[in-house]
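One line per chain: the protein sequences are Y and L, in this order.
Its first residue numbered 24, the first sequence is counted upward by one per residue in the numbering used here.
Its first residue numbered 215, the second sequence is counted upward by one per residue in the numbering used here.
We treat Cβ as the ideally placed atom computed from N, Cα and C, and that holds for glycine.
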Amino acid sequence: MTTSPFQVTSRLVKDVAIVYPRGYLNNLSGEYLVNECGRHAQAGLKKIVVNFHETDLINSIGISFLLNVMEDLQTAGGTLCFTEMKKVHLDTFEMLGLTKYFLFFPDEEAALTALDARKR
Amino acid sequence: MPLTGLPAKDYLNREDDLSYLRRLADMRQDSLAANVLLLGTRGIGKTELLKQVFREVFWEGREVVPFYYSFKTAALKSSTFARDYFTRFLKQYAAYVKKEPLLVDDAGMSLTRLMPVLSSAGLDWMLDIVDAFQEHAVSGDLYGQILAAISAPAAAAKRGGRRILVMLDDFTASEDLHEARRGDAPGLASLFEESMKNSLCPHIITGSPTARLEGIFSDPSLRKDTERMQLLPLPEDTSFSFFDSLLRKMHITCDMREAIGLIRTVRGNPLYLKNMAKAAWKTKKKELREKDLAECYCHEILDGEISFYWSSVLSERIRTKNLLRTLLRLLMRQMTKEGADDEARLSQVLGIRDAELGQAMEILDGNGLGRHDDPVFEDFVRALYMREIEGRSAGEIRERIGERFGTQRDSSRFEMVIPMTDQAELVAARAVEQIGKNINLEPDLLNYIQLALVETCINAIEHSGSYEKKIYLNFLSTPEQIEITIESPGRSFSLDSLRESPVEEKLASGRKRGWGFTLIRKIMDDVRVERVNDRTRVTLVKKIRNKEALK
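Structure, rendered in structure tokens:
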């Protein structure tokens, strides 16, 4: 496990915001992630994909922030998808009984296809 | 027998502790130190440290009189105790003044015969203290007698101008002080309060098990003005140096590589090392190999002094064979079972009645045997279990214990301290990553262990509330398991207090927190939370199954 300083960036693919959290997702960095997602939601985007490819570690506080993002988006009638999660992260959600509350996809393409299909 | 300690040159790795205790009388008088509660596991060297302090203070001539008293060998009927305590104090005082070490342990010298000795030492003023004690004895005032005995050091310090360093060993046995029969006069130990308050006679108090000693000192009257000193196991290199020094006296040699299995098995416990050295001497070999040490170890576990020592500890409280069997089954269950059982479950699984089980559990807790980190004690229990429960022959037991010997050779222990600062938990996670790699642990499993460790550290950082912003970590890896202890000062908690609320309930809450210990318990095979001195200790154990270690 190598943990880089946390960074969060994002890009837009049509009406979907793809967010890239990099490094260690904990109490400090969780705030940045919530803000980044909130920024897109405020701009009227209702579909957010979080790509965890470069996320090294998610602790339980990080998970609670992801739950907050989900709740905010659901309240606004939006959808949150997770992609490219490492096995340990997926297992963490599984162990906590949280998998049924999120949509998981192996990669961005699969998430975008699923979101596109939901629109239709 | 306070003057029978190891020669100073063979007394290793305790210089700082020894130096502090030696100067305790000076520091206490200047209000820079309190009385000392000396804590440590059985056999770690608490008594030996007191002996070293006694010898140094006895000879260094700083006008501080060392007084050592062991409750282990004391008669605990209070009137007998009072006379014994009083007489021993006078003898040791006179021995110090006359510089006659033989007087310290002169068991044959009665109070009457002691009077001329005191007088010849120029201690006539002490005869008043003796008279006061005798008056209580003659009038049959038991409490007066005990108080007079216990306060004799304080009285002598005041009258004689010399400070007294009082060292009370095996103080846990003081709970058994009684008038006519055991249990008829609880709380007599609290009579030491007055004496302990006196700045002219600081006390160093020790005993086993630690939890019982701490229990006595939970009494506010004793706890006040008392600081704790923890005696730690010897590090591996010092353990070997100590073992080697004992062997050399008997003209025996042993290479470190041959002894490493033993050194790791005894976990820095000088008592075990001493017993092993004595057992090695009996083999009459001049050069020891690992197999010789394995033989000595089996002998010690089955019939030697280690066996005798632990048998004595058990027999202090166990009066019947049935209770012993129950205790052994309980201990074996704890040693082999992953996770903790509640009492009802234990009763079912072991087929033992509740009352009997409760009694055995009380003995385990009262003697600090329930939770331990001692492979030697475990082997002793295994051997006894095989004999008493399974009915195996001595040869068979010897063979099985022999097979186990040296399995600790492949263990590694690491310690680290991290500050309670943001992301310090990642440093601990990196450490466990490397420890896991060293034993070829499968990367996925390592990721889970790292996560459990991170969660435990975060919990300590968030909830400790201590001014000492540090987390103490200890990693022990063997081919069979990884065990991590995480200690933090400050507020304590128990696993029972962490209520598992349903996921829906957590999701409905504002902060959506409280996942940490759920995760830790899902990942690890055993999670224990206990209070150790002023720290909360969380122990995480992960067993390594075959497929989880890379070939």
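Closest by CA to residue i, which one among the options?
i	options	result
L:I649	L:C512, L:F628, L:E530 and L:L667	L:F628
L:R236	L:L226, L:G257 and L:E274	L:E274
L:G401	L:I378, L:S413, L:G374 and L:F431	L:F431
L:A493	L:I466, L:E389 and L:R481	L:I466
L:E639	L:T670, L:L427 and L:R377	L:T670
L:N249	L:R256, L:T255 and L:M241	L:M241
L:T540	L:S525, L:E602, L:W495 and L:R503	L:E602
L:E277	L:Y283, L:A239 and L:K260	L:A239
L:P434	L:E694, L:L328 and L:A403	L:A403
L:R396	L:S521, L:D739, L:L290 and L:R749	L:L290
L:V344	L:G730, L:D298, L:S723 and L:P449	L:D298
L:P449	L:M443, L:E428, L:G429 and L:I474	L:I474
L:F619	L:E744, L:F591 and L:E408	L:F591
L:T440	L:L253, L:L460 and L:A309	L:L253
L:I758	L:D740, L:A308 and L:R745	L:D740
Would you verify that the beta carbon of residue i is, or is not, closer than 8 angstroms to some beta carbon of chain L?
i	result
Y:G101	no
Y:N82	yes
Y:T115	yes
Y:S33	no
Y:L119	yes
Y:L138	no
Y:N58	no
Y:I71	no
Y:F111	Looking at the sequence provided, one finds Val at residue 111 of chain Y rather than Phe. True, the Cβ-Cβ gap to chain L drops below 8 angstroms.
Y:S27	no
Y:T90	Position check: residue 90 of chain Y holds Leu in this sequence, whereas Thr was assumed. Judged by the 8 angstroms Cβ criterion, Y:L90 is in contact with chain L.
Quick check on residue i: does DSSP put it in helix, strand or coil?
i	result
L:L764	For L:L764, the pLDDT reaches just 47, beneath the cut-off of 50, and the residue's location in the model is therefore unreliable, although a value from the coordinates is still provided. L:L764 falls in the coil class under three-state DSSP.
Y:F127	strand
L:F285	coil
L:R614	helix
L:K305	helix
L:I685	strand
L:H513	helix
L:P221	coil
Y:R141	helix
L:D319	coil
What I want to know is whether the C-beta of residue i ends up closer than 7 angstroms to one or more non-hydrogen atoms of the ligand GTP.
i	result
L:P330	This structure simply doesn't include the ligand GTP, nor any ligand for that matter.
May I have the straight-line CA-CA distance separating residue i from residue j, to the nearest angstrom?
i	j	result
Y:S52	L:I632	21 angstroms
Y:S27	Y:G46	5 angstroms
L:N412	L:D355	24 angstroms
Y:Q30	Y:Y55	8 angstroms
L:K683	L:M634	5 angstroms
L:I696	L:R567	34 angstroms
L:K765	L:N654	Low confidence applies here, because L:K765 scores a pLDDT of 40, under 50, leaving its location unreliable; read the following figure in that light. Cα to Cα, the separation comes out at about 7 angstroms.
L:P447	L:L317	33 angstroms
Y:S33	L:R749	44 angstroms
L:K223	L:C468	20 angstroms
L:H417	L:M381	6 angstroms
L:R742	L:V752	6 angstroms
Y:L119	L:R705	26 angstroms
L:L537	L:A574	7 angstroms
Measuring only between beta-carbons, confirm whether residue i sits less than 8 angstroms from chain Y.
i	result
L:I672	yes
L:E570	no
L:Y599	no
L:L405	no
L:D556	no
L:Q648	no
L:K765	Residue placement at L:K765 is poorly supported in this model, since its pLDDT is 40, which falls under 50; the coordinates still yield a value, given next. No, because no Cβ of chain Y sits closer than 8 angstroms to the Cβ of L:K765.
L:V743	no
L:E656	no
L:W273	no
L:E719	no
L:W729	yes
When you compare the stretch 127-134 of chain Y with the stretch 96-115 of chain Y, are there three or more beta-carbon pairs, one atom per stretch, that lie closer than 8 angstroms? yes
Given 8 angstroms as the limit, is there contact between the stretch 260-272 of chain L and the stretch 448-458 of chain L, that is, 3 or more CB pairs closer than that? No contact exists between the stretch 260-272 of chain L and the stretch 448-458 of chain L.
So if I threshold CB-CB distances at 9 angstroms, which residues from the stretch 40-54 of chain Y count as touching chain A? Note that chain A does not occur in the displayed structure, where the protein chains are Y and L.
Would you call the stretch 355-373 of chain L and the stretch 296-306 of chain L in contact, with 3 or more CB pairs under 8 angstroms? Taking one beta carbon from each stretch, the stretch 355-373 of chain L and the stretch 296-306 of chain L have 3 or more pairs nearer than 8 angstroms; the two touch.
Would you say the stretch 692-701 of chain L touches the stretch 75-92 of chain Y, given that touching needs at least three Cβ pairs under 8 angstroms? no
Does the count of Cβ pairs from the stretch 36-46 of chain Y and the stretch 63-74 of chain Y closer than 8 angstroms reach three? Yes, the stretch 36-46 of chain Y touches the stretch 63-74 of chain Y.
Counting pairs of beta carbons, one from the stretch 381-388 of chain L and one from the stretch 135-142 of chain Y, are three or more of them closer than 8 angstroms? no
With three or more C-beta pairs closer than 8 angstroms as the rule, is the stretch 657-665 of chain L touching the stretch 676-690 of chain L? No contact exists between the stretch 676-690 of chain L and the stretch 657-665 of chain L.
If contact is defined by three or more beta carbon pairs under 8 angstroms, each pair taking one atom from either stretch, is the stretch 571-582 of chain L in contact with the stretch 514-531 of chain L? yes
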